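Numbering (full-length UniProt numbering), first residue to last: 1 to 85.
Positions of the beta carbon are idealized from the N, C-alpha and C atoms, including for glycine.
Quick caveat, the model's predicted, so the values are computed rather than measured.
Presented below is the structure to which this report refers.
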Amino acid sequence: YGRVQGVFFRKYTQNQAKILELKGWVRNEFDGTVTGIMQGQPNKIEIMKKWLSTEGSPHSRIDRCEFSQERWLTEPEFQTFEISH
């Protein structure tokens, strides 16, 4: 929630995910928000959650960030981190 579309938020999210070796995807929603899925080591997931909640892209404004449906996986479901359309 905030200003997260039209400010390269997805691209910066993808770059940060690659740095942290996370897998999954990110996409814009019609309501102006951004959603996604991320998988990886728990400590790196926590780093990414903080980044998503406080930093984002240089021109973004993050008013609120929600995380849900967190669960443990025995095998990753994704091989890369992609921008979904």
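Given that a residue counts as buried once 16 or more other Cβ atoms are within 10 Å of its Cβ, and exposed if not, what is residue i?
| i | result |
| --- | --- |
| SER53 | exposed |
| TRP25 | buried |
| THR13 | buried |
| PHE30 | exposed |
| GLY56 | buried |
| PHE81 | buried |
| GLN16 | buried |
| GLY40 | buried |
| GLY32 | exposed |
What residues are listed by DSSP as bridge partners for residue i?
| i | result |
| --- | --- |
| GLN39 | LYS23 |
| GLY2 | ILE62 |
| VAL34 | ASN28 |
Verify the contact flag: residue i, CB atom, against every heavy atom of the ligand PLP, threshold strictly below 7 Å.
| i | result |
| --- | --- |
| GLU66 | In the structure on display, the ligand PLP does not appear, and there are no ligands present to speak of. |
Report the CB separation of residue i from residue j in whole angstroms; it is logged as a contact under 8 Å.
| i | j | result |
| --- | --- | --- |
| ILE47 | LEU20 | 6 Å |
Task: Three CB pairs or more closer than 8 Å across the stretch 3-10 and the stretch 52-68 - done: A contact between stretches requires three or more CB pairs, one per stretch, nearer than 8 Å, and the stretch 3-10 meets this requirement with the stretch 52-68.
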